[in-house]
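Participant: As they're listed, the protein sequences go chains Y and F. Reading the first sequence from the start, the letters are residues 43 to 261 in this note's numbering. Reading the second sequence from the start, the letters are residues 231 to 436 in this note's numbering. Backbone N, C-alpha and C fix where the C-beta goes; we use that ideal spot for every residue, glycine too. There's a structure below that I have some questions on.
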Amino acid sequence: MKGCLLVLAAVLLALSCARLPKIVPVTGADPSGPTEGCSRIFPAGEWQLLHSIEADLPGGRRSVMMGLTVLSSRLRSNRSVIMSLEGFVVFDGEVNQGLKVHRALSPFDSPGFAEGLMEDIRLIFFKPEGPAECGKLTDDSTVCRYKNPDGGVVDIVLRSTGSCESLRYDREQRLIRIVRVPADARTRDGLPQTIELTARGEQSYKLVMTLLEAVPLDP
Amino acid sequence: MTNTKLANLAQTIAVLAAAWLLTGWGSSWEELKSAAGSVTSLSADFVQEKHMQILARPLVSSGVFYFQSPASLRWEYRAPVRNILLMHDNRTERYVETASGLTRETGAGLQAMQIVLEQISQWLGGRFDENPMFAANLEPGPKIVLTPKEKAFSRMIHHIDLVLSERPGIIDSVVIYESKDSFTKLVFKNAVLNQPIDAALFRKMS
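Pasting the structure below:
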């Protein structure tokens, strides 16, 4: 019992450290100025993207899959497919004014999987909607903060090292997703070569996505 | 079916494809069985195309495989993600290229591969029409069409077409249909029959 309380205390301490940080306004700066920089980390236009995905899953399981994403930044739509390395489709879903699942094999047919996946896809590939509150964090990183309709918040953080992060907080202001794009990993089209997603909470996991192919679909 | 088993289903198909390469010419199941007995080893390069309606162009993978009778196999994707399946002396291993190098996969999937091995022995004996997972139909061409026997399995695989080559012992292609607008095509080339293969290829990842 004592051990459990210690673990609980440690978890609560960790969670308290991952709360929404304060934004420091930059004196004399246009508060919407950095939003363009924040937008640049997301793919613009229409793309067919293929990633290998190394997944560290609950229970110490590790899996390597492939992820295919066909997206339109203008329509904010995407079709996302998860495949085995051999090309077998285990999940195929689409967001286009609503979620539609075309194929979902076990365990990718579990309740909430498709919705959760699409939330992650949106955080990784799409600039948050709405006006942003911009400024600096205490470590001098530039930040743009967007409020989600669900009461949560997404921070786009441009670190002084050149790396970018998308941080998603829930309505309780707990950090639940971290998307990190290293500084030195861009294609000539400006697409990230590597993307790391860390999910916190009851179902914690980590995905390392490596870009294998990017096909522009714009006419 | 677990995620790992699903991944190994793909490997199963790859393995079966290797077995089919051994069939040689024949217009009846009996001829296929007879031809299968004359092959001791086989290697070939392959190119795999994944076709889906949503793709602007197919996803292309490539690799090489080696087979030694009775049941040693190396099936290796070299691009875009290196991925090696080894089967030898009733042991099955899989290695996947990750950020930390080639990493051995463990878990339930390997047990599934043991089941696959039992099936392979049937295929290598030319007993295509005795497979518990697929109903086989030999058609003119010649072409073998495989259809899942179980409804649950047919959710993953609709059917498989094997188009045999004019060269005995070789097939032209394997096409795996997952649905009406999604299929995977494997095309084999540079096949070498009945030549010695270094046994280390079946035991070591590199």
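For the segment 126 to 135 of chain Y and the segment 402 to 414 of chain F, state whether three or more C-beta atom pairs, one from each stretch, are separated by less than 8 Å.
Facilitator: Yes, the segment 126 to 135 of chain Y touches the segment 402 to 414 of chain F.
Participant: Against E96(Y), what residues of chain F qualify as contacts under a CB-to-CB distance less than 8 Å, listed in chain order?
Facilitator: Chain F residues near E96(Y): T328 and A329.
Participant: With 16 other CB atoms within 10 Å as the buried threshold, where does Q245(Y) fall?
Facilitator: Counting Cβ neighbours within 10 Å, Q245(Y) comes out exposed, since fewer than 16 surround it.
Participant: Under the DSSP definition of a beta bridge, which residues are partnered with M125(Y)?
Facilitator: M125(Y) is bridged to M108(Y) and V131(Y).
Participant: Inspect the beta-carbon positions of I124(Y) and F150(Y) and report whether they are closer than 9 Å.
Facilitator: The answer is yes: Cβ separation under 9 Å.
Participant: Within the continuous alpha helix (DSSP H) that includes S461(F), where are the two ends?
Facilitator: Because chain F here runs from 231 to 436, residue 461(F) falls outside it and cannot be looked at.
Participant: Run through the DSSP bridge pairs and tell me what N361(F) is partnered with.
Facilitator: According to DSSP, which records beta bridges pairwise, N361(F) is partnered with nothing at all.
Participant: List the residues of chain Y that Q278(F) touches, going by C-beta distances under 9 Å, in chain order.
Facilitator: Neighbours of Q278(F) on chain Y, chain order: E128 and G129.
Participant: Check each candidate in P153(Y), G135(Y) and R210(Y) and name the one with the smallest Cα separation from G243(Y).
Facilitator: The residue with the shortest Cα to Cα distance from G243(Y) is R210(Y).
Participant: For V422(F), does the count of other Cβ atoms within 10 angstroms reach 16, so buried, or fall short, so exposed?
Facilitator: Label assigned to V422(F): exposed.
Participant: Could you check whether the Cβ of T229(Y) sits closer than 9 Å to any Cβ belonging to chain F?
Facilitator: Output row for T229(Y): interface = no.
Participant: Check the Cβ of V112(Y) against every Cβ in chain F and list those closer than 7 Å, keeping chain order.
Facilitator: The contacting residues are I284.
Participant: What residues from chain F crowd round Q90(Y), counting only those whose CB sits closer than 7 Å?
Facilitator: The contacting residues are L285 and A286.
Participant: Interface residues of chain F around E253(Y) at Cβ under 8 Å?
Facilitator: Residue identity check: residue 253(Y) is Leu in the sequence provided, not Glu. Those within 8 Å of L253(Y) in chain F number zero; the least Cβ separation is about 10 Å.
Participant: Quick one: does E408(F) have its CB under 9 Å from some CB of chain Y?
Facilitator: True, the Cβ-Cβ gap to chain Y drops below 9 Å.
Participant: To the nearest angstrom, how far is the alpha carbon of E136(Y) from that of D162(Y)?
Facilitator: Each residue's Cα considered, the two are about 13 Å apart.
Participant: Which whole-angstrom value is the C-beta distance of V257(Y) and R287(F), which I expect to be below 8 Å?
Facilitator: Rounded, the Cβ-Cβ distance is 6 Å, consistent with contact.
Participant: Counting along the chain, where does the alpha helix (DSSP H) carrying F418(F) start and finish?
Facilitator: That residue, F418(F), is in no alpha helix (DSSP H); its beta strand (DSSP E) goes S412 to L423.
Participant: If we call anything under 9 Å between Cβ atoms a contact, is E369(F) one with H388(F)?
Facilitator: Cβ atoms of E369(F) and H388(F): not closer than 9 Å.
Participant: Among L431(F), T333(F) and R385(F), which has the Cα closest to the Cα of H144(Y)?
Facilitator: Checked all of L431(F), T333(F) and R385(F); the closest Cα to H144(Y) is R385(F).
Participant: Between K248(Y) and chain F, is the shortest Cβ-Cβ distance under 9 Å, so that the two count as touching?
Facilitator: Cβ-Cβ to chain F under 9 Å: no for K248(Y).
Participant: Please list the residues of the segment 308 to 327 of chain F that have a C-beta atom closer than 7 Å to any C-beta atom in chain Y, keeping them in chain order.
Facilitator: The segment 308 to 327 of chain F vs chain Y, Cβ under 7 Å: P310, V311, N313 and V326.
Participant: Which residues in chain F have a C-beta closer than 8 Å to the C-beta of R121(Y)? List them in chain order.
Facilitator: The contacting residues are I284.
Participant: Hey, could you find the ends of the alpha helix (DSSP H) R164(Y) is sitting in?
Facilitator: Here the alpha helix (DSSP H) through R164(Y) covers F155 to F167.
Participant: Report the partner residues of G102(Y) according to the DSSP bridge assignment.
Facilitator: Note: G102(Y) sits in no beta bridge, so no partner.
Participant: Let me know the secondary structure DSSP gives A429(F) once reduced to three states.
Facilitator: It is helical.
Participant: Ignore the nearest five residues each way along the sequence and tell me which others in A366(F)'s own chain have a CB closer than 7 Å to its CB.
Facilitator: Once the five neighbours on either side are set aside, the close Cβ partners of A366(F) are F358, D359, I374 and L376.
Participant: Can you tell me which of A241(Y), L62(Y) and T236(Y) puts its alpha carbon nearest to the alpha carbon of L91(Y)?
Facilitator: The shortest Cα separation from L91(Y) among A241(Y), L62(Y) and T236(Y) belongs to T236(Y).
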